[in-house]
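Asker: Going by my numbering, the sequence shown opens with residue 809, and the numbers climb by one from there. One structure, as structure tokens, below. Some questions next.
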Amino acid sequence: MSEAAKKLDDTLLELGQLLEPQHKAIRYMAGTRIFESGAPGDFAYMIDSGYIEISTFTEGTKQIIAILGPGEIFGEMALLDGQPRSASATAMHEALVMPISREQLLNEIWQGSPITRLILIAAIDRLRTSFTKSQRSVDENHDRDLSASMEKMEVQTARSNASQQLRLRFEMERAIKNEEFTLAYQPIASLADGRIAGFEALVRWPQPGGGLHSPDQFIPLAEQSRLIVPLGAWILKTALRSLATIGSGSAIQQDAQSDFFMSVNVSPRQLEREEDVEHLVSIIEHSTVNPANIKIEITEQALLLDPRMATIALARLKSTGVLIAIDDFGTGYSSLSYLHRFPLDTLKIDRSFIDGVVNDKNRQRVVSAIIGLAHDLGMDVVAEGVEERDDVRWLHAQSCRYIQGFYISKPVSFFDALGYLQRDIEF
Ligand code: C2E
Ligand code: CA
Ligand code: CA
């Protein structure tokens, strides 16, 4: 890739991170009223420079509630509960403020966790009540105010979502302590010789009445609550124990044994703190397996979320001798030039590109370009979500090295996975 292309990609990447909707700042001269008590609320404001006085009038007497300065926000209450302004805002000196629309504010809040939302709603209600108390008889208005705001903020939904999530979080905490989680293993085949070249370890959480909690549901929750840190450490330890079992037995055809790998998913939350990365390193170092047979999978999204953190953490993991794979490639920003910044060994093409590739010329162009680029950068490629024989044949013709998907097997128990080591796949 040329220097110019790299530069362009870098600029786009940085722009992408900054592409939050921007609004023009508004300048208010000293003494200007920004909004009046009782007026409808359309914007909240973030103070860029200057000071804003928030005040109410009770029986003709001004009461200053707060004086706010740079970095502080005001006017958000009326936006959140749909009630009129409960106080007035006045610029004390010349002030520069950034307006935030109701839609933008609600978007930000709905992106947060249900528990954050519930805390926010409770805080607003309490704040509103204390204002109301100081201004007029609470009894006649409070219930009405509260129920109106409850409707507007869909408090009931927020409450039940939050309690459901809290319950799941407590259950997850208990399940980690009691080691209720298990691992499933999905075989990854080499297209050169049809042999199973490695497994991907995938966490499973059995439900009490049978069945499983879906990883797509509980992994994001584990990430939000940081429970992924202890859970992820358990996953790595357990997967390495399984790998050690494979290495010590004669399960693998002898000549293939030296580069058989175990892929383990690591979420970005596990890499945020130095001590958590060091914990992963110590699990790797205390295991009896050769680190060169361990492959750490990290999603493309995670690399892009915080490239600086990812660079430091991946370099540390890499220093132990493990291999690193970029997972779900194609689902994120898909900048091609950032790849060289990370010490990557394997690129896993997301299954959305692979599913039905053989019948789709556009997909074929994209997938073969990705394979070519990965090879240029010295990476091998795993095609994920391979379900059809025709897709396997097409991938083979593109020199794709590995395939993973239901065509070979769904994720299975360790015992069943061992059975795959004795057979070759046909296509
Ligand atoms: P992933 O890392 O992309 O894992 C592959 C997922 O694709 C697995 O779903 C697997 O069952 C599914 N899959 C494999 N082959 C096929 C196929 O041919 N067709 C289709 N339709 N699906 C296929 P699973 O096990 O439900 O995991 C979902 C996601 O949950 C994973 O996506 C990963 O992001 C996360 N996850 C699972 N286990 C772990 C773990 O141990 N640690 C972390 N951090 N995340 C995990
Ligand atoms: Ca994965
Ligand atoms: Ca994947």
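Note that the Cβ used here is the ideal one computed from N, Cα and C, for glycine as well. Everything numeric in this text was worked out from a predicted model, so none of it was measured.
In the structure shown, what three-state DSSP assignment does ALA1205 receive?
Answerer: In the structure shown, ALA1205 sits in a helix (DSSP, three-state: H, G or I).
Asker: In angstroms, rounded to a whole number, what distance separates the CA positions of PHE843 and ILE929?
Answerer: 23 Å
Asker: State the start and end residues of the unbroken alpha helix (DSSP H) segment that holds TYR1215.
Answerer: Note, TYR1215: premise wrong, no alpha helix (DSSP H); not H, not E.
Asker: By Cβ distance below 7 Å, which residues in the same chain neighbour GLN1032 in space, the five residues on each side in sequence not counted?
Answerer: SER921
Asker: Got a sec, what are the start and stop residues for the beta strand (DSSP E) VAL1175 sits in?
Answerer: Unbroken run through VAL1175 is the alpha helix (DSSP H), 1169 to 1184; no beta strand (DSSP E).
Asker: If you scan the region 1029 to 1078 from start to end, which runs of the alpha helix (DSSP H) of 4 or more residues do you find wholly inside it?
Answerer: 1036 to 1056
Asker: Between the region 834 to 848 and the region 897 to 912, can you find at least three pairs of beta-carbon atoms closer than 8 Å?
Answerer: Cβ pair count under 8 Å is three or more, so yes.
Asker: From VAL1200, LEU1020, SER1075, pick the residue whose C-alpha is nearest to that of LEU1113; which is it?
Answerer: Cα-wise, what sits closest to LEU1113 is SER1075.
Asker: Between which residues of its own chain and GLY1193 is the CB-CB distance below 6 Å, once the five residues before and five after are set aside?
Answerer: ARG1159, ILE1162, ASP1163, GLY1213
Asker: When the Cα of LEU1185 is compared with those of ARG1149, VAL1165, MET1070, VAL1175, which residue comes out closest?
Answerer: Per the Cα distances, ARG1149.
Asker: May I have a chain-ordered list of the alpha helix (DSSP H) segments no shorter than 4 residues that lie completely inside the region 855 to 908?
Answerer: 884 to 889
Asker: Have a look at ARG1116 and GLY1017 and give me their C-alpha separation to the nearest angstrom.
Answerer: 44 Å
Asker: Would you say ALA983 touches ligand 1, meaning its beta carbon is less than 8 Å from a heavy atom?
Answerer: No - ligand 1 has no heavy atom lying nearer than 8 Å to the Cβ of ALA983.
Asker: Go to PRO804, then tell me how far its beta strand (DSSP E) extends in each direction, as first and last residue.
Answerer: Because residue 804 is not part of the residues shown, which for the chain are 809 to 1235, the question remains open.
Asker: Going by Cα to Cα distance, which pick from SER1207, ILE917, ASP1224 is closest to ASP1001?
Answerer: SER1207
Asker: Among HIS1094, SER857, ASP856, ILE873, which has the Cα closest to the Cα of THR864?
Answerer: Of all alpha-carbon atoms in HIS1094, SER857, ASP856, ILE873, the one lying nearest the alpha-carbon of THR864 is that of ILE873.
Asker: Please check the pair GLY860 and ALA903, which I expect to be a contact at CB under 8 Å, by giving their CB distance rounded to whole angstroms.
Answerer: Strictly speaking, residue 860 in this sequence is Ile, with Gly absent from that position. About 6 Å separates the two Cβ atoms, so the contact holds.
Asker: Tell me whether SER1075 counts as near ligand 1, meaning its Cβ is closer than 8 Å to at least one heavy atom of that ligand.
Answerer: yes
Asker: Would you kindly report the start and end of the unbroken beta strand (DSSP E) that includes ARG1159?
Answerer: Counting along the chain, ARG1159 falls outside any beta strand (DSSP E), though it belongs to the alpha helix (DSSP H) covering 1159 to 1162.
Asker: Taking THR990 and PRO1023 to be in contact with their CB atoms under 8 Å, please state how far apart those CB atoms are, rounded to whole angstroms.
Answerer: So it is not a contact: roughly 12 Å between Cβ atoms.
Asker: Sorry if obvious, but does the Cβ on LYS1218 come closer than 8 Å to a heavy atom of ligand 3?
Answerer: no
Asker: Where do the N-terminal and C-terminal ends of the beta strand (DSSP E) with VAL1190 fall, by residue?
Answerer: 1188 to 1191
Asker: Hey, is the region 1090 to 1109 in contact with the region 1120 to 1129, meaning 3+ C-beta pairs nearer than 8 Å?
Answerer: yes
Asker: For ALA838, does the three-state DSSP call read helix, strand or coil?
Answerer: The answer is coil: DSSP assigns ALA838 none of H, G, I, E or B.
Asker: In angstroms with no decimal places, state the Cα-to-Cα distance between VAL1200 and GLN912.
Answerer: 45 Å
Asker: Go through its chain and collect everything with a Cβ distance to THR1139's Cβ below 8 Å, but skip five positions before and after it.
Answerer: THR1107, GLU1108, GLN1109, ASP1158, SER1160
Asker: If you drop the 5 nearest sequence neighbours on each side, which residues of the same chain put their C-beta closer than 7 Å to that of PRO995?
Answerer: ILE1004, PHE1007, ILE1216, SER1217, ALA1225, TYR1228
Asker: By how many angstroms is the C-alpha of TRP1202 removed from the C-alpha of GLY849?
Answerer: Cα to Cα, the separation comes out at about 59 Å.
Asker: Contact defined as beta carbons within less than 8 Å: I believe SER894 pairs with ARG934. What is the distance between those atoms, to the nearest angstrom?
Answerer: Going by Cβ atoms, the distance from SER894 to ARG934 rounds to 13 Å, so no, they are not a contact pair.
Asker: Could you tell me the distance, in whole angstroms, from the CA atom of GLU1234 to the CA atom of VAL1089?
Answerer: 38 Å
Asker: Select from GLU1083, THR866, ALA1041, GLY858 the residue whose C-alpha is nearest the C-alpha of LEU876.
Answerer: GLY858
Asker: Is it buried or exposed, GLU880, if we count other Cβ atoms within 10 angstroms and call 16 or more buried?
Answerer: exposed
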